[in-house]
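Residue numbering for the first sequence follows my numbering, beginning at 346 and increasing consecutively.
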Amino acid sequence: MMRGELKISGATSSSGPATSYVIREKSNSGGSQNGDSVCAVCGDGIAKLHYGVLACYGCKGFFRRTLTGKYRYACRFGNNCIVDKFHRNSCRYCRFQRCIQAGMDPKAVRPDRDQTGKQKVPRIKKSKLMRNY
DNA sequence: AATCAAGGCCAG
DNA sequence: CTGGCCTTGATT
């Protein structure tokens, strides 16, 4: 899908701790008003606030799916697998930990602002997808 | 009304 | 199973 063949141009930041992702504050007071943030988990370019942390759609769906499905991932190693934008899909267990480590709250899955029992979402989805079948 | 945030479904 | 977008609802 989006498997962009991203290529690190040599860069290889000398002392580049892969575990250090600089999350820019969105306190745009006349500066970068762009919504291009980086995922705190995989480091994707397109990420937005989700579950309390900057996460991309992939991590969002994965996180939700993991919590709701309560999947049982197991890393054959310890848990120090390199989780980058390239290896994120390799180890689900490590990726999940990455989400938690990023600061994603499992409790934010449902009660976003108020638990008045809202969002029933009938989901009509009349004509949008399924063009001419 | 506009924006943000989460849920869910679909396409590959 | 992964990833993107739409839908929904509340909040500002």
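We put the beta carbon where it would ideally sit given N, CA and C, even for glycine.
Scanning its chain for C-beta atoms nearer than 7 Å, with the 5 sequence neighbours on each side dropped, one finds around P451 the residues L412, in chain order. In this chain, the beta strand (DSSP E) harbouring A400 covers V398 to A400.
Inclusion of Y402 and A419 in the CB contact set at 8 Å is not warranted, their separation being larger than that value. K415 sits exposed, since fewer than 16 C-beta atoms from the chains shown fall within 10 Å of its C-beta. For the options C404, R421, G388 and H395, the alpha carbon positioned closest to that of A453 is the one of H395. The DSSP-derived three-state label of K415 is coil. Under the three-state reduction of DSSP, A385 is assigned to coil, being neither helix nor strand.
Taken atom to atom, the span from the alpha-carbon of N425 to that of G397 is near 24 Å.
The secondary-structure analysis by DSSP pairs K393 across a beta bridge with A400. The Cβ atoms of M449 and A400 sit closer than 8 Å to each other. In this structure, the CA atom of C404 is about 13 Å from the CA atom of S435.
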